[in-house]
Amino acid sequence: MVRHYFLTLYDHLGQAVLLNLIWVISAFPWIALGSVVSWTAAAAGDVLGHSFLAGVGFVAAAGLILLSPPTLFLFVTAHHWVHEGQGGIRGAWVMTRRLAWRAQAG
0 MVRHYFLTLY DHLGQAVLLN LIWVISAFPW IALGSVVSWT AAAAGDVLGH
50 SFLAGVGFVA AAGLILLSPP TLFLFVTAHH WVHEGQGGIR GAWVMTRRLA
100 WRAQAG
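For what it's worth, numbering that gives the first Met the number 0 labels the leading residue of the sequence shown as 0, then goes sequentially.
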């Protein structure tokens, strides 16, 4: 399974680099919002004396980033590579637009 993963990634190396650049640029708002949520929860935990709120904020921030449309785009593209062999970024973009609201609902 791991060997198949690396061979598939090697076959699509150019698209993988492009996809990661697209993800970094487009996921920045979700990463920034996740950082704000995490920082706010940690500050509230410090003020209220409940240190577990920092962990809750971290989990909420991680969920926000992992369920963001750019991450969904990353997963859909990788799914196309593994199961269909081709499809490219354009085909994945169409499927991502259909699944984006479902991903945000969690």
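The C-beta atom is built at its ideal place from N, Cα and C for all residues, glycine as well.
**Prompt:** So does the stretch 18 to 33 actually touch the stretch 66 to 73, counting three or more Cβ pairs closer than 8 Å?
**Reply:** yes
**Enclosing alpha helix (DSSP H) for residue 3 [first to last residue]** = 1 to 10
**residue 48 - DSSP class collapsed to helix/strand/coil** = coil
**Message:** Classify residue 48: buried if its beta carbon has 16 or more other beta carbons within 10 angstroms, exposed otherwise.
**Reply:** exposed
**Request:** Select from 42, 14, 34 and 100 the residue whose C-alpha is nearest the C-alpha of residue 60.
**Result:** 34
**Prompt:** Buried or exposed: residue 92, going by 16 or more other Cβ atoms within 10 Å of its Cβ?
**Reply:** exposed
**Message:** Suppose you measure from the CA of residue 6 to the CA of residue 44; what does that come to, to the nearest Å?
**Reply:** 46 Å
**Prompt:** Using the C-alpha atoms, what's the distance from residue 11 back to residue 80?
**Reply:** 8 Å
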